[in-house]
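Reviewing the structure listed below.
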Amino acid sequence: MDIKNILNNINLEELRISEWGYTELSLPINYNKFSEWVTKGHHLPLNYLADHRMDLRADLKNFYPEFESALVFLFSYNEARKILDNHYKSKHSNGLKIASYTIGFDGEDYHLVLKEALNNIGNTLKSNDSQLEFKLSLDIHPVLERDLAMRAGLGWQGKNSMFISRKSGSFFIIGSLLFNKKLSSEVKLLDTDHCGQCTRCIDACPTEAISVDTRTIVAKDCISTYTIEEFVDPKVPSEKMDLSSGFIFGCDICQDVCPWNKRLDRAQEEKKLVVSTKQAKIINFFLSPSPLEVTEAIKSMSNNSFKVFFDKTSFLRSGKRGI
Ligand code: B12
Ligand code: SF4
Ligand code: SF4
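Numbered according to our numbering, the sequence shown spans residues 1 to 323.
Put into structure tokens, the structure is as follows:
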């Protein structure tokens, strides 16, 4: 079965897939970088990276013993980032900011939307080969996904630790299908580093979370950690919050300044951006009323009405208390 032909018959643009690649390599190229990072404690407070799931990440076969090959997809949300940027520059902005992936998939949690997209692609491939089995990898699975995307020849690991593609920048989610058989598909060459002498992300990170020599970040210092992940534990490092430049959920600063994303902006200037109803609901809730009105609105919700209002969105992750 020729994968390119089959994928050509799927509307990849509609699924927001900007690129895809193929690999048969089950071993990460840089697992040692990951284990050194954990040994230094730079993963803290994200303990799930250091338990038994650390070893699972050492080889795709630990997670999926039948593994023979993988298709890796880049699901772009670059348009959403432009929509938010336009809002921040407008007179309606209240100065607060949210990670652009939150509205990138029509305001829905990408785990839900992309799981369905990946399952549909997997089932389409399966319908051409009844022996084919597959398993998904999408963020929460014990897979070094940036390394997997690198093995599929889609780009390189930037100094901000983001996986970057020359064509798609870095505003995308990586989602993969792991297969029990090799597929007939082109294998791209590994990409090389295209950061060069640039240090814009390092200079721009307000909390100095980036460790430039290892191309990793110190998780506890990253705004993304303590605005999305940390609220189970009430010991929020609040002094860092003062440096968050308005970000209240996630952080895009080290990507916003990256020239590989900036050049996509210029390409997009021609495009007419349409803000959907679900995207507008999130923007109007968080990013237009005064910050005090936003907190009052959240406080006035019962836990249940919070769940109903934010149903299927990324904001359910940190819950009412976290927000
Ligand atoms: C834990 C985690 C976080 C943590 C830690 C992030 C980090 N940089 O490690 C926190 C909560 C801070 C976080 C934040 C964000 N995250 Co996150 N996160 C993850 C998760 C679950 C694991 C990442 C991990 O293992 N980190 C440990 C480090 C050491 O591993 P690594 O990032 O793969 O790094 C490799 C490099 O460091 C490399 N390496 C080290 N040194 C060198 C040197 C050279 C020369 C080379 C080539 C390579 C290299 O080796 C490592 C192993 O291969 C992945 C999903 C997954 N299952 O992989 C998503 C993931 C990385 N996150 C993602 C996103 C979108 C984000 C945010 C943008 C969300 C936001 N807007 O707030 C931010 C970005 C912050 C940033 N600058 O990284 C995307 C990234 C997509 C992309 N283009 O890279 C992922 C892949 C989820 C997905 N499926 O798309 N995240
Ligand atoms: S996401 Fe924000 S806080 Fe985290 S490394 Fe990038 S700029 Fe720094
Ligand atoms: S801002 Fe510069 S150094 Fe940082 S990831 Fe982008 S190209 Fe690399």
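For every residue, glycine included, the Cβ atom is placed at its ideal position computed from N, Cα and C.
Over what stretch of residues does the beta strand (DSSP E) that includes valine 38 continue unbroken?
Start at 1 with the first residue of the sequence shown, and residue 38 comes out as number 38. That residue, valine 38, is in no beta strand (DSSP E); its alpha helix (DSSP H) goes 31-39.
Kindly indicate which residue of Gly153, Asn128, Leu118 has the alpha-carbon position closest to the one of aspartate 139.
Sequence index remark: in the sequence shown, residue 139 carries index 139 (1-based). Of Gly153, Asn128, Leu118, the smallest CA-CA separation from aspartate 139 is found for Leu118.
Is glycine 319 helix, strand or coil when you go by DSSP?
The sequence position of residue 319 within the sequence shown is 319, counting from 1. Correct three-state label for glycine 319: helix.
Can you name, in chain order, every residue of its own chain whose Cβ lies under 6 Å from the Cβ of lysine 209, other than the five neighbours on each side?
As a position in the sequence shown, residue 209 is number 209, starting the count at 1. As written in the sequence, residue 209 is alanine, which differs from the lysine given in the question. Around alanine 209: Ile217, Val218, Asp221, Cys222.
Of the residues Gln197, Met150, Ser35, the one placed nearest glutamate 24, counting alpha carbons only:
Residue 24 sits at position 24 when you count from the first residue of the sequence shown. Comparing alpha carbon positions, the residue from Gln197, Met150, Ser35 closest to glutamate 24 is Met150.
Selected residue, minimal CA-CA separation from valine 212, among Lys181, Leu243, Met162, Ala280:
What you label residue 212 is simply residue 212 of the sequence shown in a count that begins at 1. Shortest Cα-Cα distance from valine 212 to any of Lys181, Leu243, Met162, Ala280 involves Met162.
Is alanine 99 near ligand 1, going by C-beta to nearest heavy atom under 7 Å?
Looking up residue 99 in the sequence shown gives position 99. At a threshold of 7 Å, alanine 99 counts as near ligand 1, since its beta carbon sits closer than that to one of the ligand's heavy atoms.
Name the DSSP beta bridge partners of phenylalanine 21, please?
As a first step, residue 21 is located in the sequence shown; it is residue number 21 there, counting from the start. The sequence shown places glycine at residue 21, rather than the phenylalanine named in the question. Note: glycine 21 sits in a beta bridge opposite Val72.
Beta carbon of asparagine 261 nearer than 8 Å to that of cysteine 201
As a first step, residue 261 must be located in the sequence shown, where it is residue number 261. As a first step, residue 201 must be located in the sequence shown, where it is residue number 201. Taking 8 Å as the Cβ cut-off, asparagine 261 and cysteine 201 do not qualify as a contacting pair.
Applying the 10 Å Cβ sphere with the 16-neighbour rule, what's the burial state of lysine 320?
As a first step, residue 320 must be located in the sequence shown, where it is residue number 320. When all chains shown are included, lysine 320 counts as buried.
Run through DSSP, which three-state label would aspartate 85 get?
Here residue 85 refers to the residue found at position 85 when the sequence shown is read from its first residue. If DSSP states are grouped into helix, strand and coil, aspartate 85 belongs with the helices.
In whole angstroms, what separates the C-alpha of glycine 322 from that of glycine 95?
Against the sequence shown, residue 322 aligns to sequence position 322. Against the sequence shown, residue 95 aligns to sequence position 95. Cα to Cα, glycine 322 sits roughly 19 Å from glycine 95.
If you draw a straight line from the alpha carbon of leucine 136 to that of isoleucine 248, how long is it in whole angstroms?
Along the sequence shown, one-based indexing puts residue 136 at 136. Along the sequence shown, one-based indexing puts residue 248 at 248. Approximately 30 Å between the Cα atoms of the pair.
When the Cα of asparagine 5 is compared with those of Lys91, Asn128, Phe73, Lys89, which residue comes out closest?
Reading the sequence shown from its first residue, position 5 is the one you call residue 5. Nearest option by C-alpha distance: Asn128.
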